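In what follows, a structure is listed as structure tokens, so that the remarks can point back to it.
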Amino acid sequence: MILLQVAVGGLLLGAVYALFASGLTLIWGMMNFINFAHGEFVMLGMYVALVITWIHGGPEAFVPAATAALFLLGVGVYFGLIKHVTRGPMLAQILSTFGLALLLRYSAFAYFKPDFRTLPESWLSGTLNVGGIYLQNSKLVAGVVALLLTIGMHLLLTRSALGSRLLAVSEDRNAAMLMGIRPDRMQALAWGLSAASAGIAGALLAIGFPFSPEVGATFALTAFVVVAFGGFGSVPGAAIAGLIIGLVDQISAYKLGPIYKDVVVYGLFVAILWVRPQGLFGKV
Amino acid sequence: MRLAWGPIALWAALLLFPLAVSVSDSAAFLDDVGTTLILAAIGASAWNIVGGYAGQVSVGHAIFFGSGAYVTLLVYELWELPPLLGLPLAMIVAVLFAVAIGLPSFRLTGHYFSMATIAVAELVRLVVSNWPLLGEAIGIQGPATPRGWWDLIFRSSVPYYYIDLAVLAFVLALTYAMERSRFGYYLRAIRAGERAARSLGVPVLRTKLMAFMLSAALTAVAGALYSFKLGFVNPESGIGILVSVQMIIIAALGGAGTLYGPLIGALLLIPLQSATNTIWGGGGSGLTFIIYGGIILLLARFEPGGLIELWRRVGAATFARPKRGAADAA
Amino acid sequence: MLLEAESVSRAFGGFLALSEATLGVERGEIVGLIGPNGAGKSTFFNCIAGDLPPTGGRIVFDGVDVTAAPAEEHARRGIGRTFQVPATFEDMTILENVMVGAFLRHHRTRDAHAKAMEVLRLTGLEAQAQQRARSLGTPGRKRLEIARVMATEPKLLLLDEALAGLTPSEIQRAIELVRRIHATGMTIVIVEHIMEVILTLAERVLVFNQGRTIAQGKPQDVVNDPKVIEAYLGHHHRRRRARKAEP
Numbered sequence: 604m605i606l607l608q609v610a611v612g613g614l615l616l617g618a619v620y621a622l623f624a625s626g627l628t629l630i631w632g633m634m635n636f637i638n639f640a641h642g643e644f645v646m647l648g649m650y651v652a653l654v655i656t657w658i659h660g661g662p663e664a665f666v667p668a669a670t671a672a673l674f675l676l677g678v679g680v681y682f683g684l685i686k687h688v689t690r691g692p693m694l695a696q697i698l699s700t701f702g703l704a705l706l707l708r709y710s711a712f713a714y715f716k717p718d719f720r721t722l723p724e725s726w727l728s729g730t731l732n733v734g735g736i737y738l739q740n741s742k743l744v745a746g747v748v749a750l751l752l753t754i755g756m757h758l759l760l761t762r763s764a765l766g767s768r769l770l771a772v773s774e775d776r777n778a779a780m781l782m783g784i785r786p787d788r789m790q791a792l793a794w795g796l797s798a799a800s801a802g803i804a805g806a807l808l809a810i811g812f813p814f815s816p817e818v819g820a821t822f823a824l825t826a827f828v829v830v831a832f833g834g835f836g837s838v839p840g841a842a843i844a845g846l847i848i849g850l851v852d853q854i855s856a857y858k859l860g861p862i863y864k865d866v867v868v869y870g871l872f873v874a875i876l877w878v879r880p881q882g883l884f885g886k887v
Numbered sequence: 016m017r018l019a020w021g022p023i024a025l026w027a028a029l030l031l032f033p034l035a036v037s038v039s040d041s042a043a044f045l046d047d048v049g050t051t052l053i054l055a056a057i058g059a060s061a062w063n064i065v066g067g068y069a070g071q072v073s074v075g076h077a078i079f080f081g082s083g084a085y086v087t088l089l090v091y092e093l094w095e096l097p098p099l100l101g102l103p104l105a106m107i108v109a110v111l112f113a114v115a116i117g118l119p120s121f122r123l124t125g126h127y128f129s130m131a132t133i134a135v136a137e138l139v140r141l142v143v144s145n146w147p148l149l150g151e152a153i154g155i156q157g158p159a160t161p162r163g164w165w166d167l168i169f170r171s172s173v174p175y176y177y178i179d180l181a182v183l184a185f186v187l188a189l190t191y192a193m194e195r196s197r198f199g200y201y202l203r204a205i206r207a208g209e210r211a212a213r214s215l216g217v218p219v220l221r222t223k224l225m226a227f228m229l230s231a232a233l234t235a236v237a238g239a240l241y242s243f244k245l246g247f248v249n250p251e252s253g254i255g256i257l258v259s260v261q262m263i264i265i266a267a268l269g270g271a272g273t274l275y276g277p278l279i280g281a282l283l284l285i286p287l288q289s290a291t292n293t294i295w296g297g298g299g300s301g302l303t304f305i306i307y308g309g310i311i312l313l314l315a316r317f318e319p320g321g322l323i324e325l326w327r328r329v330g331a332a333t334f335a336r337p338k339r340g341a342a343d344a345a
Numbered sequence: 030m031l032l033e034a035e036s037v038s039r040a041f042g043g044f045l046a047l048s049e050a051t052l053g054v055e056r057g058e059i060v061g062l063i064g065p066n067g068a069g070k071s072t073f074f075n076c077i078a079g080d081l082p083p084t085g086g087r088i089v090f091d092g093v094d095v096t097a098a099p100a101e102e103h104a105r106r107g108i109g110r111t112f113q114v115p116a117t118f119e120d121m122t123i124l125e126n127v128m129v130g131a132f133l134r135h136h137r138t139r140d141a142h143a144k145a146m147e148v149l150r151l152t153g154l155e156a157q158a159q160q161r162a163r164s165l166g167t168p169g170r171k172r173l174e175i176a177r178v179m180a181t182e183p184k185l186l187l188l189d190e191a192l193a194g195l196t197p198s199e200i201q202r203a204i205e206l207v208r209r210i211h212a213t214g215m216t217i218v219i220v221e222h223i224m225e226v227i228l229t230l231a232e233r234v235l236v237f238n239q240g241r242t243i244a245q246g247k248p249q250d251v252v253n254d255p256k257v258i259e260a261y262l263g264h265h266h267r268r269r270r271a272r273k274a275e276p
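Protein chains in written order, with the working numbering: chain A, 604 to 887; chain B, 16 to 345; chain C, 30 to 276.
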């Protein structure tokens, strides 16, 4: 019974992983670029939720607030930084988001202090009993919302006109330009979406888990593992992989303790790298 | 060489530094800063081989530094041998890590490699922090009192300073020789354009791997020297992310892929770091990271070639006459 | 026969970019590959160069099967290539660029240096040896790429649209360079769009369309081949020409 509960918890957590990993894989698919600050975007989403509670907002405001704040940040980061380094040397590309990650992480450190925080009680508190399995409302809502948004992102990319424009730019930038699509705008949009997905995931996680400025590093690595497993560039891959990694994460935590669960998850990344770098659905 | 007087003056200054400050009241403090500076330059120069010249950005070099620091002190803790004897073993451990990371990831694009280094560094840090043999969060200690010169325990920083300076000279001499060799040209070609390099017969995978292994071994030496001086190592000082970040920023600030870039970066950053630590206390480590993050960002955005490249550009614009090439003339 | 490409095919997922292309190149020949955009000539070129492994067929070079060999191996065996968009090492000097090529056959820096200087003299780049590659314009970069690959002492030189984007006078100089190289006994395969270049340089031409080879022969014959005209200009044009020919 406990194992089943842990498993369900893992799937719910995995849905949130799927959400922010989709954002990371979107950028990779579009620009062959890895955002090393993606974990910090998740972390910032958590703090957006915190700030909302400071002004007495409820959890229903978290998603819109995180979306707005992080979307703007994503677009800003694209125009201010990314746009200028993508065509340059690899060193500049990697250092750019890595430096950004440090800046964001330790600025949050300085402003919000390093202590772990939890959000105050709200209408989402409490536990649900579903056939003997106890689920915290907060985590249940977080998981469901995350899953819906992930599916929504996939549909947006594959079924909408906007999505096909984004994909056109990722396939062939020059051809897209000739078709009247503005690659810059599309890439900025992708960054906004990517950051928003991370921010929303963070806000959802904040409802159920304690957080501190340092968690960005862990989320970044988790995102890497999920994206590598699902296949770089594949949003459906990230979704499925997210659920699986969430399961692995929680079951390992239950069986081995919190420290070794990280070892398992990162070890999985190394294994994927060695054995099947293209993951489930990706292209290397 | 155009700037022959520069390096000569630099090395003279480095050689005479402890002598020069011996007259000051803060001699001990300054000697310590100097030694830290030289050590930082060694680590950054080692990183420079794979990150600067070959363009393969490792963000997890702390693994190799940590190998050097931990394995050397471990041979003392386990077998009461002088830590120095553990150095060859430490280098082997570092090289094995390099092969384990590099072999799968060098076949893929550069981002994979960087990600792999971050992941493995974090993995190693977690394992080390929780392994009783390695002292978990507390770490391991070296000999408290010297049993002979070979234990390399000195009261003053000055002997460490000169030992480290000698090692730095060796690392730079090695880099200089490499720069001029076939291997060095191939590294730079890989950084400049892997596909083109392949088309010219450059064995890309093998070359990258060798650069990584060399860099790892030399970084282990830096880690070992650090542990000799400090007398102990713990996860934060040996395998923490600051170790990796510091190597990168020092090399990149001075000029990644240049011979003296890392040393120049160290000459700028280490005194600065000491000053901020003194003014704001050790708790300024958060501030240090913010500044480091900002510097890295600015470098990436505006001058990835670092100060040396900036100097070249400004110098070229100020002093050189523009030339027209025969190949461009219609 | 220096190069034998037999039934070379390359599929990308479900899309067959190249289907059963066959070409034999004798030592000392200049062969041209032409065809409209997306016809498969670049894919074929990249298979011979080792950049793309074929999904079908064989490539034998100088008696050795190199079908599955990586690009480095092709280069070592003596296949040299230039890139459609010049891929020079921007931050390295012109001399250093060529030395990277020279190092393939000369392991000592002094020897590679000497070889590189020799090649720079032959290609007219000697005066700019110490300049950075990024200071060159497109024609300079293309010339540098040729110099760099020549330093690897190839037996077969693959030129990928080496003359695209050049002014008429630059094209003349480039043609002269290619002729000079050919005169030393080099075997050359050239992908080109510009008809005059192909007609002037190539002894034999292979025409691609929609992944297949549709004609092969002397340039003047191929250019008048109705299949080739149709491939370039479309069925419509052929009918117009046919109607014009009627009294």
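Even glycine gets a Cβ: it sits at the ideal position worked out from N, Cα and C.
None of the values given here were measured: they were computed from a predicted structure.
Contacts with chain B at 7 Å (Cβ-Cβ) do not include V95 of chain C.
When DSSP states are grouped into helix, strand and coil, G53 of chain C belongs to the strand group.
The alpha-carbon separation between T234 of chain B and H76 of chain B amounts to approximately 8 Å. For R162 of chain B, no chain C residue has a Cβ inside 9 Å of its Cβ, as the nearest lies near 46 Å away. Close to chain B, meaning a Cβ-Cβ distance shorter than 7 Å, are the following residues of the segment 678-699 of chain A: L684, H687, V688, G691, P692, M693, L694, A695, I697, L698 and S699.
Using a Cβ-Cβ cut-off of 7 Å, L62 of chain C does not count as an interface residue toward chain B, since no Cβ of chain B sits closer than that to its own. Taking a contact to require three or more Cβ pairs closer than 8 Å, the segment 685-698 of chain A and the segment 123-142 of chain B qualify as touching.
Against chain C, the CB of Y68 of chain B has no partner CB under 7 Å away; the residue lies outside that interface.
Counting the other CB atoms within 10 Å of its CB gives S773 of chain A a total of 16 or more, which places it among the buried residues. Counting C-beta pairs closer than 8 Å gives fewer than three between the segment 313-331 of chain B and the segment 82-92 of chain B, which falls short of the contact rule. At least 7 Å separates the CB of Y241 of chain B from every CB of chain A. Q249 of chain C sits exposed, since fewer than 16 C-beta atoms from the chains shown fall within 10 Å of its C-beta. Per DSSP, the beta bridge partners of I108 of chain C are C:L185. Straight across, the Cα-Cα distance linking A192 of chain B with L96 of chain B is about 34 Å. Taking 7 Å as the threshold, the shortest C-beta distance from V866 of chain A to chain B falls below it. Residue-level contact check: G117 of chain B does not touch chain C, since none of the beta carbons of chain C fall below 7 Å from its beta carbon.
Exposure of N66 of chain C is indicated by the presence of fewer than 16 other C-beta atoms within 10 angstroms of its C-beta.
If you ignore the 5 residues before and after E221 of chain C, its C-beta comes within less than 7 Å of the C-beta of G61, I63, E190, L192 and I227, all in its own chain and listed in chain order.
Of all residues in the segment 208-226 of chain B, the ones placed with a Cβ closer than 8 Å to any Cβ belonging to chain C are G208, R210, A211, A212, R213, S214, L215, G216, V217, P218 and V219, in chain order. Taken through DSSP and simplified to helix, strand or coil, D775 of chain A comes out as coil. By the Cβ-count criterion, H659 of chain A is exposed, with fewer than 16 other Cβ atoms from all chains shown falling within 10 Å of its own Cβ.
Taking a contact as a CB-CB distance under 8 Å, the pair V186 of chain B and S60 of chain B counts as one, their CB atoms being some 5 Å apart. For V873 of chain A, the residues of chain B that pass the 9 Å Cβ criterion are A115, I116, P119, A131, A134, V135 and L138, in the order they occur in the chain.
Among the CB atoms of chain C, one or more fall inside 7 Å of the CB of R195 of chain B. A straight-line Cα-Cα distance of about 5 Å links A109 of chain B and F79 of chain B. Identification of residues in the segment 124-135 of chain C having a C-beta nearer than 8 Å to some C-beta of chain B yields E125, M128, V129, G130, F132 and L133, given in sequence order.
With fewer than 16 other beta carbons inside 10 angstroms of its own, G683 of chain A counts as exposed. A:G840 is the residue among A:I875, A:L627, A:F712 and A:G840 whose C-alpha sits nearest the C-alpha of G885 of chain A. The beta carbons of Y176 of chain B and T51 of chain B sit no closer together than 7 Å.
Beta bridge pairing from DSSP links I59 of chain C with C:I217. For E155 of chain C, DSSP assigns no beta-bridge partner whatsoever. A straight-line Cα-Cα distance of about 45 Å links L81 of chain C and Y85 of chain B.
A40 of chain C is bridged by DSSP to C:L45. Counting along the chain, T196 of chain C sits inside no alpha helix (DSSP H), nor does DSSP assign it H or E at all.
The way I'd put it, the segment 159-176 of chain B doesn't touch the segment 285-292 of chain B; fewer than three beta-carbon pairs between them come closer than 8 Å.
In this structure, the alpha-carbon of F73 of chain C lies about 21 Å from that of I258 of chain C.
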